[in-house]
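Residue 48 is where the sequence shown starts when you use this note's numbering, and the numbers rise one by one after that. Report on the structure given below.
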Amino acid sequence: MMYSEKFLKFIEMWQKEFAIDKTIDEKICVDKDGNPIPWYTYPAIEYLSQLDFSNKDIFEFGCGNSTMFWVKRANSVTSIEDNLNWFSKWQEEFKHDKLDIRWRDEGEGYFNAIFEDNKKYDVIVVDGKRRADCARCALKSLKDGGMIILDDSDRINTSKEYVDAVNELKKGDLIQIDFYGFCPMNNYTKTTSLFLSRSFNFKSLYTIQPINGLGNLWSMGRRNRKDFFKVNK
């Protein structure tokens, strides 16, 4: 089957800028430079990557490459893992003075782990087990102006667990923003939802926002854009 040059350029962009073939074939969440990224949608990752988390405290229900994504950006990261094998793996591989990884089983200790340090968090990620219970507890532990991230939120269409999780978060009068799109390791789309406090005002890392996303034409200089248009018109 023959494909147009324009379509092949599109595939090349996904391979070079998103490293999508590597993430799917090797089952690993990384960017093109091999840096760990979350298993969120790319639009959500790109939005979060613009923000300054250097003085923010992060709490994660669910540990993985997202943990190291946050560690490189945040003041502190506390991650809860329920799988003992994964916990041992992450504890060995993810060593960092800003990171505290804890194992808790799937019972009440899992979702109540967020209360153990008697503190509140700027960002709370609900991306593990017991999402409705975790969402309910997250609301009680969110700092003013913070955000809660609910990954795979599109499962609300097929799962009561997600219906309950979203309903819990809506009780907090948060602003829901849904980021639809492709994500690492998958060949299909999903949704990552951010629930922002009404006073949300995280600063950007840049003087302008939005910055150019992955594969964005306007990240090129004018001459390169002209050459690109000549080839792909």
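All C-beta atoms, glycine included, are put in the ideal place defined by N, C-alpha and C.
Check: What do you get for Arg-245, buried or exposed, if any count of 16 or more other CB atoms within 10 angstroms of its CB means buried?
Finding: The residue labelled residue 245 in the question sits at position 198 within the sequence shown. Classification of Arg-245: exposed, given that the 10 Å Cβ count is below 16.
Next item on the list: State buried or exposed for Asp-72, treating a residue as buried only when at least 16 other CB atoms are found within 10 Å of its CB.
Entry: Reading the sequence shown from its first residue, position 25 is the one you call residue 72. Under this definition Asp-72 is an exposed residue.
Checklist line | Neighbourhood of Val-118 by C-beta distance below 8 Å, restricted to the same chain and skipping five residues each side | finding: Against the sequence shown, residue 118 aligns to sequence position 71. So the qualifying residues of the chain are Val-124, Phe-141, His-143, Lys-145, Leu-146.
Note to self: What residue range does the beta strand (DSSP E) around Gln-223 cover?
What the structure shows: For the purposes of this step, residue 223 is identified with residue 176 of the sequence shown, where counting begins at 1. That run of the beta strand (DSSP E) goes 222 to 229.
Item checked: Uninterrupted beta strand (DSSP E) stretches inside the stretch 74 to 150 (no shorter than 3 residues) -> Listed in chain order, the complete beta strand (DSSP E) runs (minimum 3 residues) inside the stretch 74 to 150 are 104 to 108, 123 to 128, 146 to 150.
Margin query: Between the alpha carbons of Val-77 and Trp-61, how many angstroms are there, rounded?
Written below: Reading the sequence shown from its first residue, position 30 is the one you call residue 77. Reading the sequence shown from its first residue, position 14 is the one you call residue 61. Spanning the two alpha carbons is a distance of roughly 13 Å.
Next item on the list: Decide if Tyr-235 is buried, meaning its Cβ has at least 16 other Cβ atoms within 10 Å, or exposed.
Entry: In the sequence shown, the residue the question calls residue 235 occupies position 188. Burial call: exposed.
Checklist line | Buried or exposed by the 16-neighbour rule on C-beta atoms within 10 Å, applied to Tyr-50 | finding: Counting from one through the sequence shown, the residue named residue 50 turns up at place 3. Tyr-50 should be labelled exposed.
Margin query: Assuming the contact rule is C-beta atoms closer than 8 Å, Ile-222 and Phe-242 should be a hit. Round their C-beta distance to whole Å, please.
Written below: Position 175 of the sequence shown, counting from 1, holds the residue named residue 222. Position 195 of the sequence shown, counting from 1, holds the residue named residue 242. Contact between Ile-222 and Phe-242 is confirmed by a C-beta separation of about 7 Å, below the 8 Å threshold.
Notebook entry, point to check: Which value, in whole angstroms, describes the spacing of the CA atoms of Asp-3 and Glu-52?
Noted result: The chain is shown only over 48 to 280; residue 3 falls outside these bounds and no answer can be derived.
Item checked: Boundaries of the beta strand (DSSP E) in which Leu-186 is found, first to last residue -> By 1-based counting over the sequence shown, the position of residue 186 is 139. Under the DSSP assignment, Leu-186 falls outside any beta strand (DSSP E), being part of the alpha helix (DSSP H) whose first and last residues are 178 to 187.
Checklist line | Status (buried if at least 16 other CB within 10 Å, exposed otherwise) for Tyr-253 | finding: Within the sequence shown, residue 253 is the residue found at index 206, counting from 1. Per the 10 Å Cβ criterion, exposed.
Next item on the list: Report the three-state DSSP secondary structure of Lys-190 (helix, strand or coil).
Entry: Here residue 190 refers to the residue found at position 143 of the sequence shown. In this structure, Lys-190 counts as strand in the three-state DSSP scheme.
Margin query: To the nearest angstrom, how far is the alpha carbon of Asn-82 from that of Phe-134?
Written below: Locating residue 82 in the sequence shown gives position 35, counting from the first residue. Locating residue 134 in the sequence shown gives position 87, counting from the first residue. Rounded to the nearest angstrom, the two C-alpha atoms are 20 Å apart.
Notebook entry, point to check: To the nearest whole angstrom, what separates the beta carbons of Gly-109 and Asp-174, a pair I think is in contact under 8 Å?
Noted result: On the sequence shown, residue 109 is found 62 positions in, with the first residue counted as 1. On the sequence shown, residue 174 is found 127 positions in, with the first residue counted as 1. Going by Cβ atoms, the distance from Gly-109 to Asp-174 rounds to 4 Å, so yes, they are a contact pair.
Check: Does the stretch 201 to 212 touch the stretch 165 to 172, meaning 3 or more C-beta pairs lie closer than 8 Å?
Finding: With the rule of 3 Cβ pairs closer than 8 Å, the stretch 165 to 172 does not count as touching the stretch 201 to 212.
Checklist line | 6 Å Cβ shell around Ser-113 - same chain, five flanking residues per side excluded | finding: Locating residue 113 in the sequence shown gives position 66, counting from the first residue. Result list for Ser-113: Pro-85, in chain order.
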